[in-house]
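Please read the structure below before turning to the comments.
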Amino acid sequence: MTSLPTLFISHGAPPFALEPGKAGTLLYAAGKRLPPIEAVLIVSPHWMTSGFSVMTAPTPTTIIDFGGFDPQLEHIAYPTPGHPIFAEIT
Numbered sequence: 004m005t006s007l008p009t010l011f012i013s014h015g016a017p018p019f020a021l022e023p024g025k026a027g028t029l030l031y032a033a034g035k036r037l038p039p040i041e042a043v044l045i046v047s048p049h050w051m052t053s054g055f056s057v058m059t060a061p062t063p064t065t066i067i068d069f070g071g072f073d074p075q076l077e078h079i080a081y082p083t084p085g086h087p088i089f090a091e092i093t
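Below, the structure is given as structure tokens:
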């Protein structure tokens, strides 16, 4: 398997989605300069399981893995196509 370009961006605290501030503007601008994205890998330390799993759905759902913040955050969705074949080979 060939290596893919990789970029790590911490999401920050959940309220960042509603009030991105200066960092949000800079991240948005940086994203516009990136080449087309083939896949996004999200790793959550909040999801408690024994072992790990990879979502292989062709249309994955948004997982809310936090609580105690502005209720608007529980209704944000990130509709995006999955990549089942890529997920199967990881």
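Residue 4 is where the sequence shown starts when you use this note's numbering, and the numbers rise one by one after that.
The beta carbon of each residue, even a glycine, is placed where N, CA and C say it ideally should be.
Note down the Cα distance separating residue i from residue j, rounded to an integer number of angstroms.
{"i": "residue 61", "j": "residue 29", "result": "30 Å"}
{"i": "residue 53", "j": "residue 46", "result": "15 Å"}
{"i": "residue 23", "j": "residue 35", "result": "16 Å"}
{"i": "residue 79", "j": "residue 25", "result": "21 Å"}
{"i": "residue 19", "j": "residue 55", "result": "27 Å"}
{"i": "residue 70", "j": "residue 12", "result": "21 Å"}
{"i": "residue 14", "j": "residue 27", "result": "10 Å"}
{"i": "residue 33", "j": "residue 82", "result": "21 Å"}
{"i": "residue 51", "j": "residue 8", "result": "28 Å"}
In this structure, how does DSSP classify residue i when only helix, strand and coil are distinguished?
{"i": "residue 63", "result": "coil"}
{"i": "residue 54", "result": "coil"}
{"i": "residue 86", "result": "coil"}
{"i": "residue 80", "result": "coil"}
{"i": "residue 29", "result": "helix"}
{"i": "residue 71", "result": "coil"}
{"i": "residue 19", "result": "helix"}
{"i": "residue 45", "result": "coil"}
{"i": "residue 92", "result": "helix"}
Residue i and residue j look like a contact to me (Cβ under 8 Å); what is the Cβ gap, rounded to whole Å?
{"i": "residue 16", "j": "residue 59", "result": "In fact, because the Cβ distance is near 29 Å, the residues do not count as touching under 8 Å."}
{"i": "residue 68", "j": "residue 49", "result": "4 Å"}
Answer yes if the region 72 to 92 comes into contact with the region 37 to 49, meaning at least three C-beta pairs across the two stretches below 8 Å, and no otherwise. yes
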